[in-house]
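Each residue of the sequence shown is one higher than the one before, starting from 0 at the first, in numbering that gives the first Met the number 0.
Below is one structure, written out as structure tokens; the observations come after it.
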Amino acid sequence: MSTGAVLEVIALGVEDAVAAQAGGADRLELVTDIAADGLTPAVETFAGIRAAVGIPLRVMLRLRDGFAAGDVEALVRVAGELRGAGAEEFVLGFLGADGGPDLGVLERLLGELGGCRWTFHRAIDHAADRDALRKQLAELPGLDAYLTAGSADGVDDGLDTLLTEAARSGDPGYTQQLLVGGGLRLDHVPRLRAAGVDAFHIGGAARADGWSTPVSAEAVREWRTVLDR
């Protein structure tokens, strides 16, 4: 793993994963169906990627578009299947009708995950109250990162929020790592790094021509170089 900032890359399959690792990614987020903003991949996909690369993998637990949990029993079942296949890190996050975190669903899933480390994903950018959500989730077992753009509309719109939250690092509800992603560009990095942000998440930016092409080791290497300056 690099000694600089954490670089997490979205992988849809083995080819993406191998290229991301070759380019210097520290960790992968495994998803399928990027048109729905990333859903749970097949257990076989996870197993193939796990066999192909040595870096940590975080697997998405999300079976439908949007931030409502949907079929909770199906979520619990797939979480158990992934754990059985060796998955040790996850990405999840569900909101209730009030725009707050769906604590019942989260606690049910975390019971299945048994202390695994996990990221609360960009559902935070759609929450009614970001600060309240963080404080409600502060003591959940295994939660060590928030994937956020600072805004539902992406980093351009959310940059001020991200800088404010970075300044609160260590406060109650702000002990988890701030993992910035969602419309993230290389030109955002200097301000974020100067503010103390040390984790970055890229998807389309890791590809030569957006989502129509696989991850490019060269594109990932460019990010690695910038983050390590």
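Quick reminder that beta carbons are idealized off the backbone N, C-alpha and C, glycines included.
No experiment lies behind these values; they were computed from the predicted model shown.
Here Gly98 is near Ala127, since their CB atoms are less than 8 Å apart.
One Cα belongs to Leu62, the other to Arg129, and the distance between them is close to 23 Å. Partner residues in the beta bridge of Gln176, as assigned by DSSP, are Ala144. Separation of Leu81 and Arg26 (C-alpha to C-alpha, rounded to the nearest whole angstrom) is 17 Å. Leu136 and Gly157 have their C-alpha atoms spaced approximately 21 Å apart. For Asp130, the enclosing alpha helix (DSSP H) starts and ends at 129-136.
His187 is the residue among His187, Leu139, Leu112, Ala151 whose C-alpha sits nearest the C-alpha of Leu162. Contact check between the stretch 178-187 and the stretch 197-209: three or more CB pairs, one atom from each, fall below 8 Å, which counts as touching. By the C-beta density criterion, Glu217 is exposed, having fewer than 16 other C-beta atoms within 10 angstroms. Leu191: member of the alpha helix (DSSP H) spanning 188-193, first to last residue.
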